[in-house]
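>
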Amino acid sequence: MEPGVRESVRGRQALERLLPAVPLSAQLLRRASVAQELATSGVLDPAASIVLYEAAHAARQAEEDQREVAESELSQALRAVFAEAPQVEVVREAPGGEAAARELTEAVRRVPMARRFHNDAVGAARRLREHRKVRWFRLAGHAPFPMAFEMDDEPPAALADRAV
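According to the working numbering, the sequence shown holds residues 11 to 174 in order.
#1: Please return the same chain residues whose Cβ sits closer than 8 Å to the Cβ of Arg40, not counting the five positions on each side in sequence.
#2: Just the Cα atoms here: how many angstroms apart are Phe159 and Gly52?
#3: Whole-angstrom Cβ separation of Ala45 and Leu62, contact assumed at under 8 Å?
#4: Compare the beta carbon distance of Pro33 and Arg89 with 9 Å and say whether it is the shorter of the two.
#5: Below 8 Å on the Cβ atoms is my contact criterion, and I expect Gln37 with Ala124 to pass it. Report the Cβ-Cβ distance as a whole number of Å.
#6: With a Cβ-Cβ cutoff of 9 Å, do Arg196 and Ser43 count as a contact?
#7: Please report the straight-line C-alpha distance between Arg139 and Leu149, rounded to a whole angstrom.
#8: May I ask which residues mark the beginning and end of the alpha helix (DSSP H) holding His141?
#9: Closer than 8 Å by C-beta to Val91: which residues in its own chain qualify, once you throw out the five before and the five after it? Chain order, please.
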């Protein structure tokens with residue numbers, strides 16, 4: 011293999027490694043699943059259960075162009091339901107509630123980290139795509155231009171203060 015071709019192949023492989031859409035999607039799905047499971051557990055009051063279930067369901071079913079809005083609405087619903095520590099204590103006191111509260115806390119903490127990682131990788135991929143050799147040899151192929159994921163991912167105060 012010629013040196014120029016070898017560099018091209020390495021450049022394309024580097025570009026493909028910089029697109030980690032799966033980890034962010036997995037963390038968002040995990041958070042929505044845990045929230046939906048908690049909403050249907052019967053531990054929360056009916057109004058909180060409905061609000062949380064609808065937001066989690068919408069986040070899981072959202073099309074790609076509506077995903078940021080649906081995930082932001084789930085963050086808002088989580089903050090509304092778990093605005094105060096006594097609500098978290100109600101969940102913890104229920105059978106299996108300790109594990110559910112821990113899992114929800116972990117999920118809401120991981121989403122901001124996954125989003126930051128994703129957005130950093132998108133920035134790196136964009137910078138790599140701007141290099142002359144990548145453009146000249148069309149190393150990006152026909153891959154869509156990577157997009158950052160912007161959403162409201164602030165965790166509920168009552169869950170953010172908890173030690174995992």
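Using N, Cα and C, we set each Cβ at its ideal position, and we do this for glycine too.
Working from what's here:
#1: The count along the sequence shown starts at 1 and reaches residue 40 at position 30. Excluding sequence neighbours, Arg40 sits near Ala117 and Arg120.
#2: Position 149 of the sequence shown, counted from the start, is the residue given in the question as residue 159. Position 42 of the sequence shown, counted from the start, is the residue given in the question as residue 52. C-alpha separation (whole angstroms): 33 Å.
#3: The residue labelled residue 45 in the question sits at position 35 within the sequence shown. The residue labelled residue 62 in the question sits at position 52 within the sequence shown. The C-beta distance from Ala45 to Leu62 rounds to 6 Å, short enough to meet the 8 Å contact threshold.
#4: The sequence position of residue 33 within the sequence shown is 23, counting from 1. The sequence position of residue 89 within the sequence shown is 79, counting from 1. Not closer than 9 Å, so no.
#5: What you label residue 37 is simply residue 27 of the sequence shown in a count that begins at 1. What you label residue 124 is simply residue 114 of the sequence shown in a count that begins at 1. In this structure Gln37 is in contact with Ala124, their Cβ atoms being roughly 4 Å apart against a cut-off of 8 Å.
#6: Outside the modelled stretch of the chain, which goes from 11 to 174, sits residue 196, for which no answer is possible.
#7: Here residue 139 corresponds to residue number 129 of the sequence shown, with the count starting at 1. Here residue 149 corresponds to residue number 139 of the sequence shown, with the count starting at 1. Straight-line measurement puts the Cα of Leu149 at about 8 Å from the Cα of Arg139.
#8: In the sequence shown, counting from the first residue as 1, residue 141 sits at position 131. Element bounds for His141: n/a, residue is neither H nor E.
#9: On the sequence shown, position 81 is the one that residue 91 refers to. The answer, listed in chain order, is Leu54, Ala58, Val61, Leu62, Gln97 and Pro166.
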